[in-house]
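Below is one structure, written out as structure tokens, with a few remarks after it.
2 protein chains.
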Amino acid sequence: MLLLLHRPVILGLRQAFRLRSTSSRLCIQTCSTNDSFQPQHPSPNFCGDNYSTRGWKVMGALLGLGAALAYHDHQCRASQDSPHVYTKEEVSSHSSPETGIWVTLGCEVFDVTEFVDRHPGGPSKLMLAAGGPLEPFWSLYAFHNQPHVRELLAEYKIGELNPEDDVSPTLEISDPYANDPKRHPALKVNSQRPFNAEPPPELLTENYITPNPIFFTRNHLPVPNLDPDTYRLHVVGAPGHQSLCLSLDDLYKFPKHEINVTLQCAGNRRSEMTQIKEVKGLEWKTGAISTARWAGARLSDVLAQAGYQLSDTEFHVCFEGLDCDPTGTAYGASIPLARALNPEAEVLLAYEMNGQPLPRDHGFPVRVIVPGVVGARHVKWLGRISVEPEESHSHWQRRDYKGFSPSVDWDTVDFDSAPSIQELPVQSAITEPRDGETIESGDVTIKGYAWSGGGRAIIRVDVSLDGGLTWQTAELDGEEQRPRKAWAWRLWQLQAPVPAGQKELNIVCKAVDDSYNVQPDTVAPTWNLRGVLSNAWHSVHIHVSP
Amino acid sequence: MLLLLHRPVILGLRQAFRLRSTSSRLCIQTCSTNDSFQPQHPSPNFCGDNYSTRGWKVMGALLGLGAALAYHDHQCRASQDSPHVYTKEEVSSHSSPETGIWVTLGCEVFDVTEFVDRHPGGPSKLMLAAGGPLEPFWSLYAFHNQPHVRELLAEYKIGELNPEDDVSPTLEISDPYANDPKRHPALKVNSQRPFNAEPPPELLTENYITPNPIFFTRNHLPVPNLDPDTYRLHVVGAPGHQSLCLSLDDLYKFPKHEINVTLQCAGNRRSEMTQIKEVKGLEWKTGAISTARWAGARLSDVLAQAGYQLSDTEFHVCFEGLDCDPTGTAYGASIPLARALNPEAEVLLAYEMNGQPLPRDHGFPVRVIVPGVVGARHVKWLGRISVEPEESHSHWQRRDYKGFSPSVDWDTVDFDSAPSIQELPVQSAITEPRDGETIESGDVTIKGYAWSGGGRAIIRVDVSLDGGLTWQTAELDGEEQRPRKAWAWRLWQLQAPVPAGQKELNIVCKAVDDSYNVQPDTVAPTWNLRGVLSNAWHSVHIHVSP
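Chain order of the listed sequences is R and P.
All residue numbers for the first sequence refer to full-length UniProt numbering, where the first residue is 1 and numbers rise by one.
All residue numbers for the second sequence refer to full-length UniProt numbering, where the first residue is 1 and numbers rise by one.
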């Protein structure tokens, strides 16, 4: 398995060199013209070269070190009983499965050979640090700065760096997130770097169309700063057809389509899974979902111009973003060609969100909108489209955003055994009242949202005041949904008398879609190691003042 | 609401006259050329004519009386304290909402005016008996011969018939089910008239393709006896196009398509809902589902020949069977035109089942196969196809085969408030071991099936030996499923060691489809008054011999 990772690592490091003195615009060009990964062809030359030690300095120069350096200072001062001492050269020679995989954090050295395959972010990400310091990556993926991650790492400690070595991994320190846009203060931030945030529930269902500033934001990397004048979308043509290189003006010439579409992160409501058992992922509550009116060109029109026709062949349309990690690897994902070419599926290359150019956090200047499909496929800052016989080889397509049985853990997971999440299951949640709130006796007004994947309409929302013993039917608000194209949510509410003498209410909601799919009763049987697809009945406990 | 029923009743009675001396083949012609219902135009002449009394004799002549006559004899001998006595003429004058709606059973007279709207089979069915005897209908729908139905009827008793009147409703008695085909003795019969039966679970999953003789049978009416030489399928043409009148040979000339498709009755596993609270419907266990290889012409090809093209308009394709009730009303159902015209949806007009001409119980000579959709839309003995701006007005489309909240009962149900069931939700069940079985300690082999509607593939089946606390993943057998066209089930099995010391096992299964929809944990929150869509986790309790 690890052998398969060599070539991407090499490609990544080569790109890192190219990045040394590039502007972010240059980075865009690198990503958008880069060949897709071919991990099935490992490079025989990797182990012998000295790319890695030089690579780290380059990458370090591009990355900030943040809080990780504080940890470094602290650990270096702590005494240890004659730890084994290694030079940086020794560490850098351990960067492959054959030699063992070592990394450093501050002055400490770790042998993570056994851990690589279990790295929650995927082995390829950890391999980027093989033979060198973790700091540049922990700076990028700041959620590593947590006690349980450090504890886990401590198990693999084998010694310390030679104190005579300069353990500062970089000379030039910059913050890759320094150019991120400013955000609305109402957003509840789950992670600053990369930026991930959700609107508070009361604001979420105040409007059928979510205002742009509070639309939930799910970034995997720093936000690229793209120049609309020089922006180009590269579309690899069908055999016998020319590839397209489309400017924004070129995209505007395609017929403009507008649709209301709800986007939901696969991790929406993950925090409820965490209560069952720890999972890896951001602690989304009920707000990793929002609805906007998107406008743009139909992907089917653009693909037709590039020479693609609907055929029986099961191909995939791969998207690459212009948001790059330190190696120049772009965010990527794919959808089936059949969906992309089906005009009824209404897949958009969107350049407007609620009548405005896309905000930077939402993919300026162009993103994919795949109605009825998990947010992870709506690739932002779109740079490249290609049609391939296989799904995208991106980490986010192959090693993430998949659902597993509750019995599967990081030791047993086989990512190839589950399909990538595309259409999402039926979902609903209560946004008012809030969990733990105290209400007056009399009537209680309960509000929330409901949505299902694949264009399936919401036909009913049942609400219970007694934990699911008896049910009332909520009133559906917002726009009517179109048959087979119910891309946007229904908001709902129920006004119900509080049963006399009741001091507490266990309010529960569940939705039904037009395939009569329902939500599962409880969270535990749907628990999975990544905490995705959390769609059990949603409940809030409230108190009634006498 | 009742006013809306007049015209169908008249149409029905008129047809009953035509039936007086017809063969079943003539009945076919009547059904297949009959206009569809227009219940929005009540006839002002209904109340004044005398169709009804004459009609009963005709219908009685066509129908057997079965067990209902025994009840009649018994009740007439029972003494009553001077009951009010009515003549048959008086009864027959009460056949509309204006006059009140009376019916008789044996010598007893009932005023069912208030009950008509709550009749589980639909008001129109009960209105067929307005002003006359129930026997001809109870003979056709034999499940009425149950104590709780008689008790319910007794509440509406207003008197008795004049003993001088001849209470035998017919002179000629025949059994409309006398020509039904012979069935395989392995089938577990839920109802003889109409015939409804399922294979035992062990046989069900013995083969990926269910053998024809044990394929579950769901009939609503007697099985028509159709002559393949004179059989004609009437296809109403698009505006500006000729209607088609297709013989079997004409159908054979369309390209022949073959696909494996699982059919499931909406009422599969209803018996589990009955355990929560009484529902109206046949007591299906886990066997109202089977899989066959169907061959026939594509509906999209036939509709194209009749001049239909894919458009945005939300029309419906209405099907009428050649199975008629006493009034000549055919079984009917509809599907959206978008599905019918989509070649990817692969809707068939099937004339072969597992390489044989369709068996009579399964629609000989032609039935509709709508992959991924509830069995009720796969109209058998297909006589007529029309494209309409609205769904079929059939009882089975509008007043049945819909799902409601557990809080809805027969007093509060609004059938228009829920969509007709089309695609079904994800489903799975255990077929081995059987509930209550005793197994040896050591290993237990658990088998079952899993399927989802809409062409969604089964990606995983989880099995628990401890009622859902811990899970193991079953092995999927049978053919691989195609993306988006997973029309046929997956069989599955799990061999697992029985935990040491365990005396009982609570085995549970749940399936996940490729939209990551899951089955609900428990039955009660999905309970509905018709007992359809029963897809909670399936469980069997077994004993382990020491």
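From the three backbone atoms N, C-alpha and C, an ideal C-beta is built for every residue, glycine too.
For clarity, every value in this text was computed on a predicted model and none was experimentally measured.
Please return the same chain residues whose Cβ sits closer than 8 Å to the Cβ of R:V347, not counting the five positions on each side in sequence.
What you label residue 347 of chain R is simply residue 347 of the first sequence in a count that begins at 1. Cβ neighbours of R:V347 beyond the five flanking positions: R298, L299, S300, I335, R339, A340, V368, I369, V370 and P371.
Which residue marks the beginning of the beta strand (DSSP E) containing P:D513, and which one marks its end?
Locating residue 513 of chain P in the second sequence gives position 513, where the first residue counts as 1. P:D513: member of the beta strand (DSSP E) spanning E504 to D513, first to last residue.
When you compare the CB positions of R:P497 and P:K510, do they come within less than 9 Å of one another, or not?
The residue you call residue 497 of chain R lines up with position 497 of the first sequence. The residue you call residue 510 of chain P lines up with position 510 of the second sequence. Annotated as distal: R:P497 and P:K510, with beta-carbon spacing of 9 Å or more.
Cross-chain neighbours of P:E314 in chain R, by beta carbon under 9 Å
To locate residue 314 of chain P, count along the second sequence from 1; it is residue 314. Contacts between P:E314 and chain R, judged by CB atoms closer than 9 Å, involve R482 and P483 in chain order.
Taking all protein chains shown into account, decide if R:C324 is buried (16 or more other Cβ within 10 angstroms of its Cβ) or exposed.
As a working mapping, residue 324 of chain R is identified with position 324 in the first sequence. By the neighbour-count criterion, in which a residue is buried when 16 or more other Cβ atoms sit within 10 angstroms of its Cβ, R:C324 is buried.
Could you tell me which chain R residues have their CB closer than 9 Å to the CB of P:R460, listed as they occur along the chain?
For the purposes of this step, residue 460 of chain P is identified with residue 460 of the second sequence, where counting begins at 1. Those are G403, F404, S405, S417 and A418, listed as they occur along chain R.
Indicate whether R:A292 and R:N212 have their beta-carbon atoms separated by less than 9 Å.
The residue you call residue 292 of chain R lines up with position 292 of the first sequence. The residue you call residue 212 of chain R lines up with position 212 of the first sequence. Contact annotation: R:A292 and R:N212 have beta-carbon atoms nearer than 9 Å.
For P:D411, list the residues DSSP reports as bridge partners.
Position 411 of the second sequence, counting from 1, holds the residue named residue 411 of chain P. Beta-bridge annotation (DSSP): P:D411 is not paired with any residue.
For P:V261, does the three-state DSSP call read helix, strand or coil?
On the second sequence, residue 261 of chain P is found 261 positions in, with the first residue counted as 1. The answer is strand: DSSP assigns P:V261 an E or B state.
DSSP state of R:V302 mapped onto helix, strand, coil:
Position 302 of the first sequence, counted from the first residue, corresponds to residue 302 of chain R. Helix, per DSSP.
DSSP-derived helix/strand/coil call for R:Y252:
The count along the first sequence starts at 1 and reaches residue 252 of chain R at position 252. DSSP places R:Y252 in helix when its eight states are reduced to three.
Quick check: is any heavy atom of the ligand ATP less than 8 Å from the C-beta of P:L424?
Of ligands this structure carries none, so the ligand ATP is not represented either.
Check whether the segment 536 to 546 of chain R touches the segment 434 to 447 of chain R, taking contact to mean three or more Cβ pairs, one atom from each stretch, closer than 8 Å.
Yes: at least three Cβ pairs fall under 8 Å.
For the putative contact between R:A333 and R:A266, defined by C-beta atoms under 8 Å, what is the C-beta separation to the nearest angstrom?
Residue numbering aside, residue 333 of chain R sits at position 333 when the first sequence is read from its first letter. Residue numbering aside, residue 266 of chain R sits at position 266 when the first sequence is read from its first letter. Their Cβ separation, rounded to whole angstroms, is 11 Å, which puts R:A333 and R:A266 out of contact at 8 Å.
Distance between beta carbons of P:S428 and P:Q519, contact taken as under 8 Å:
Here residue 519 of chain P corresponds to residue number 519 of the second sequence, with the count starting at 1. Here residue 428 of chain P corresponds to residue number 428 of the second sequence, with the count starting at 1. At roughly 7 Å, the Cβ-Cβ gap stays under 8 Å, so P:Q519 and P:S428 are in contact.
Find the residues of chain R that neighbour P:I421, judging by a C-beta separation of less than 8 Å, and give them in chain order.
Working through the second sequence from its first residue, we reach residue 421 of chain P at position 421. The contacting residues are Y516.
Which runs of the beta strand (DSSP E) fall wholly inside the segment 422 to 500 of chain P and span at least 3 residues, in chain order?
Within the segment 422 to 500 of chain P, the complete beta strand (DSSP E) runs of at least 3 residues are 427 to 432, 438 to 440, 443 to 451, 458 to 464, 475 to 477 and 490 to 497.
Buried or exposed for R:P194, please, with buried defined as at least 16 other CB atoms from any protein chain shown within 10 angstroms of its CB.
In the first sequence, the residue the question calls residue 194 of chain R occupies position 194. A buried status is given to R:P194, since no fewer than 16 other beta-carbon atoms sit within 10 Å of its beta-carbon.
Please identify the residue among R:V461, R:A488, R:K485 and R:P546 whose C-alpha is closest to the C-alpha of R:A500.
Along the first sequence, read from residue 1 onward, the residue named residue 500 of chain R stands at position 500. When only C-alpha atoms are compared, the closest one is R:P546.
Minimum Cβ-Cβ distance from P:Q519 to chain R less than 9 Å
By one-based count along the second sequence, residue 519 of chain P stands at place 519. By this cut-off, P:Q519 is an interface position.
Does R:P255 get closer than 9 Å to chain B when you measure Cβ to Cβ?
The structure shown has no chain B; the protein chains it does contain are R and P.
Within 9 Å (strictly less), CB to CB, does R:V408 reach chain P?
If you number the first sequence from 1, residue 408 of chain R lands on position 408. For R:V408, the nearest beta carbon of chain P is closer than 9 Å to its own beta carbon.
What separation, rounded to the nearest whole angstrom, lies between the Cα atoms of R:V415 and P:Q275?
Within the first sequence, residue 415 of chain R is the residue found at index 415, counting from 1. Within the second sequence, residue 275 of chain P is the residue found at index 275, counting from 1. In the sequence as presented, Val is not what sits at residue 415 of chain R; that position holds Phe. Cα to Cα, the separation comes out at about 40 Å.
For P:Q264, would you say it is in contact with chain R, using Cβ-to-Cβ distances shorter than 9 Å as the test?
For this step, residue 264 of chain P is matched to residue 264 along the second sequence. Not an interface residue.
Quick check on DSSP: helix, strand or coil for R:W294?
On the first sequence, residue 294 of chain R is found 294 positions in, with the first residue counted as 1. Three-state result, R:W294: strand.
P:C47 (DSSP reduced to helix, strand or coil):
Taking the second sequence and counting its residues from 1, one reaches residue 47 of chain P at position 47. Any answer about P:C47 is weak, because its pLDDT of 27 lies below 50 and its placement is not dependable; what the coordinates show is given next. Coil.
Cutting at 7 Å between CB atoms, please list the residues of its own chain near R:V413, excluding the five before and the five after it.
By 1-based counting over the first sequence, the position of residue 413 of chain R is 413. Same-chain partners within the cutoff: F404 and L529.
Taking 9 Å as the CB-CB cut-off, is P:G321 touching chain R?
As a working note, residue 321 of chain P is residue 321 in the second sequence. The beta carbon of P:G321 does not come within 9 Å of any beta carbon belonging to chain R, so the residue lies off that interface.
Quick check: P:V366 and P:L349, are their CB atoms within less than 9 Å of each other?
Stepping through the second sequence from its first residue, residue 366 of chain P is reached at position 366. Stepping through the second sequence from its first residue, residue 349 of chain P is reached at position 349. P:V366 places its beta carbon less than 9 Å from that of P:L349.
Member of P:G287, P:D227 and P:K280 whose CA lies at the smallest distance from the CA of P:F216
Within the second sequence, residue 216 of chain P is the residue found at index 216, counting from 1. Of the listed residues, the one whose Cα sits closest to P:F216 is P:G287.
So R:L526 contacts chain P; which residues on that side make the cut at Cβ distance below 8 Å?
The residue you call residue 526 of chain R lines up with position 526 of the first sequence. Per the sequence presented here, residue 526 of chain R reads as Thr, with Leu not at that position. Those within 8 Å of R:T526 in chain P are V518.
Give me the Cα-Cα distance between P:I458 and P:E480, rounded to the nearest whole angstrom.
Position 458 of the second sequence, counted from the start, is the residue given in the question as residue 458 of chain P. Position 480 of the second sequence, counted from the start, is the residue given in the question as residue 480 of chain P. Between P:I458 and P:E480, the C-alpha separation is close to 10 Å.
Which stretch, first to last residue, makes up the beta strand (DSSP E) that contains R:A154?
Against the first sequence, residue 154 of chain R aligns to sequence position 154. Not the beta strand (DSSP E): R:A154 falls in the alpha helix (DSSP H), residues P147 to A154.
Counting only the same chain and skipping the five closest in sequence on each side, list residues whose C-beta sits under 8 Å from that of P:Q146.
Here the question's residue 146 of chain P lines up with position 146 in the second sequence. Here the set comprises nothing.
Determine the direct distance from the alpha carbon of P:L128 to that of P:T87, and round the result to whole angstroms.
On the second sequence, position 87 is the one that residue 87 of chain P refers to. On the second sequence, position 128 is the one that residue 128 of chain P refers to. Between the C-alpha atoms of P:T87 and P:L128 there is a straight-line separation of about 20 Å.
Helix, strand or coil, according to DSSP, for P:L529 in the structure here?
Indexing the second sequence from 1 puts residue 529 of chain P at position 529. In the displayed model, P:L529 falls within coil according to three-state DSSP, outside both helix and strand.
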